[in-house]
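Residue numbers (the working numbering): 124 to 710.
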């Protein structure tokens with residue numbers, strides 16, 4: 124048997140491969156390959172056919188593959204890429220390059236792992252299908268249809284070491300002149316290695332979570348660490364639980380937004396009750412998983428790094444067909460407009476429903492916002508507490524358009540529910556200063572708004588008293604039912620006979636401090652009794668006053684900035700009091 128195989132090797136390498144290609148030569152090579160395969164099937168279970176440690180089985184198999192590569196290189200197109208041998212992948216890549224075709228994502232990945240000395244990441248060994256999906260997404264994003272390699276001068280060569288020692292050179296080399304060898308073109312192939320690294324990073328969150336929680340493979344929290352591209356085709360009971368929960372929150376197609384408390388989603392995500400807040404990592408995982416199911420969350424943990432207390436209200440919303448990966452400059456400018464408008468309209472209290480309605484009516488008119496960013500902006504409006512002017516100046520670069528028009532829009536929103544109050548005018552002065560507008564133009568714009576004729580009222584229907592509109596986390600009551608955009612039946616009150624505003628009704632003889640209202644003044648006075656407070660001790664105090672703690676503390680700090688240019692409160696779970704600033708506020 125061994126001597127017979129020696130003869131076949133000499134016929135292949137010493138005679139046939141040195142002849143010009145012809146029909147007779149190729150036919151004989153096919154017949155030899157068939158004969159070797161027949162012998163291997165007979166002797167494959169016998170170990171005596173060995174020569175200097177080299178298996179006849181191994182050499183026979185290699186000889187057959189070599190013959191097939193020479194006779195029909197195109198046959199490699201049917202390879203299982205992630206099980207193919209290195210020589211087969213090199214040949215397939217060489218064929219693709221010779222034809223001027225781009226490398227497919229999977230071919231590039233298989234070639235990288237097999238021939239470029241790249242260690243297969245452990246996360247790719249654990250989740251090969253998921254890793255391939257993620258790599259393909261990154262690859263398509265960078266190269267579109269695929270990476271096109273420019274062929275070099277080196278030609279593809281295949282080496283074979285015969286069992287027969289009578290060959291002058293033990294290693295026989297076969298060259299395929301029409302196929303380039305790209306193994307030395309590492310510069311053109313390096314981007315593939317970079318994308319492997321990026322894909323590994325994209326799955327590290329899920330891998331890290333499983334290393335710490337090996338049994339938690341299917342909770343929404345765990346699945347949320349996967350990239351969106353992987354989640355879109357993922358099927359599991361964990362995904363089904365989230366889908367069922369979302370269907371309960373959005374019972375009809377008309378439900379576009381839903382305000383909930385953070386503690387209402389925590390048991391679904393973590394599988395346990397009583398968590399004090401949504402962590403930064405959990406908030407990010409929520410954004411990933413919800414996007415894969417065509418929903419969004421405000422705040423979005425992928426773009427902001429915050430912990431969300433359990434009692435804080437958050438907003439779910441339906442995504443549009445467009446899916447921007449990052450907030451656009453236009454959206455950032457629109458969020459700044461919303462902040463400015465609410466800061467002007469609310470002062471140290473909550474903006475009225477009519478003021479929110481005026482702002483919501485304007486959002487669809489903002490240019491450059493797609494359906495998803497419009498829905499996200501409305502959710503952002505519902506999420507905001509009474510905002511302040513702190514740090515807004517650093518974001519003015521995102522505001523585009525005529526600053527004067529923006530200023531007049533702020534006036535219109537603040538005046539939507541009646542005549543401007545002194546507090547609103549004070550905040551408008553701040554807004555105009557931020558926008559770089561002169562103070563005298565503010566009063567000119569206010570005068571023009573007051574003297575402009577009111578449009579005739581349109582017929583309206585009686586508002587549905589069961590529908591609650593325009594809630595934000597600053598409101599200290601839990602949302603029940605669905606949240607719909609505010610109705611269009613709300614009208615601006617006539618300046619001639621305005622009904623008394625809610626603020627005007629809240630007359631009190633309680634002492635106030637630092638231009639704060641009685642409730643915030645009472646909380647400030649209580650805070651002054653100690654140098655440090657635990658957050659848990661302040662929650663019941665704020666609740667008795669009818670305040671949401673986070674918003675109230677921010678309002679107090681805003682007053683401190685106004686008077687002293689520095690905050691009076693520092694910290695989150697443990698809140699420290701600046702004594703010097705506190706004394707000035709109480710003076």
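For glycine and all other residues, C-beta sits at the position ideal for the given N, C-alpha and C.
Excluding residues up to 5 positions away in sequence, 278 lie with their Cβ nearer than 8 Å to the Cβ of residue 300 in the same chain. Residue 491 sits in coil when the DSSP states are folded into three classes, being neither helix nor strand.
Distance from the CA of residue 536 to the CA of residue 464, rounded to the nearest whole angstrom, comes to 7 Å. The criterion of a C-beta distance shorter than 9 Å is satisfied by residue 343 and residue 361.
When secondary structure is reduced to three states using DSSP, residue 656 falls in the strand class. At a Cβ-Cβ threshold of 9 Å, residue 419 and residue 499 count as neighbours. Three or more Cβ pairs closer than 8 Å define a contact, and the segment 262-271 falls short of that threshold against the segment 241-250. In the DSSP assignment, residue 384 forms a beta bridge with 436. Counting only residues of its own chain and dropping the five nearest sequence neighbours on each side, residue 430 has a CB closer than 7 Å to the CB of 400, 401, 402 and 403.
Remark: three or more beta-carbon pairs, one from each stretch, lie closer than 8 Å, so the segment 634-654 and the segment 675-694 are flagged as touching. Measuring C-alpha to C-alpha distances from residue 408 to each of 417, 425 and 271 identifies 425 as the nearest. Secondary structure note for residue 406: it is in no beta strand (DSSP E), and the uninterrupted alpha helix (DSSP H) holding it is 403-415. Nearest Cα to residue 226 within the set 270, 456, 349 and 436: 270. Excluding residues up to 5 positions away in sequence, 322, 325, 326, 350, 352 and 353 lie with their Cβ nearer than 7 Å to the Cβ of residue 257 in the same chain.
Taking the C-beta atoms as reference points, residue 444 is found no nearer than 9 Å to residue 492. Taking the Cα of residue 215 as reference, the smallest distance to any Cα among 355, 677, 302 and 250 is reached at 302. In the DSSP assignment, residue 673 falls outside any beta strand (DSSP E) and lies within the alpha helix (DSSP H) extending over 672-687. The Cβ atoms of residue 346 and residue 334 lie no closer than 9 Å to each other. Counting of Cβ neighbours within 10 angstroms places residue 272 among the buried residues, the total reaching 16 or more. For residue 531, DSSP assigns no beta-bridge partner whatsoever. The three-state secondary structure of residue 698, taken from DSSP, is strand.
Taken through DSSP and simplified to helix, strand or coil, residue 649 comes out as helix. Here the alpha carbons of residue 668 and residue 462 stand approximately 25 Å from one another. Residue 274 holds the alpha-carbon nearest to the alpha-carbon of residue 218 among 664, 274, 208 and 238.
Per DSSP, residue 302 is one residue of the beta strand (DSSP E) stretching across 295-303. DSSP, read as helix, strand or coil, puts residue 503 in helix.
The C-beta distance from residue 532 to residue 554 rounds to 10 Å, too long to fall under 8 Å, and the pair is not in contact.
Taken atom to atom, the span from the alpha-carbon of residue 653 to that of residue 442 is near 47 Å. In the same chain as residue 421, and ignoring 5 residues on each side of it, the C-beta atoms closer than 6 Å to its own belong to 438, 502, 503 and 506, in chain order.
Between residue 213 and residue 304, the C-beta gap is smaller than 9 Å, which places the two residues in contact. DSSP, read as helix, strand or coil, puts residue 427 in coil. Going by beta carbons, residue 658 and residue 696 fall inside the 9 Å limit. The Cβ-Cβ distance between residue 298 and residue 280 falls below 9 Å. At a Cβ-Cβ threshold of 9 Å, residue 450 and residue 496 count as neighbours. Distance from the CA atom of residue 367 to the CA atom of residue 165, rounded to whole angstroms, is 59 Å. In the structure shown, residue 421 falls within a strand segment according to DSSP collapsed to helix, strand and coil.
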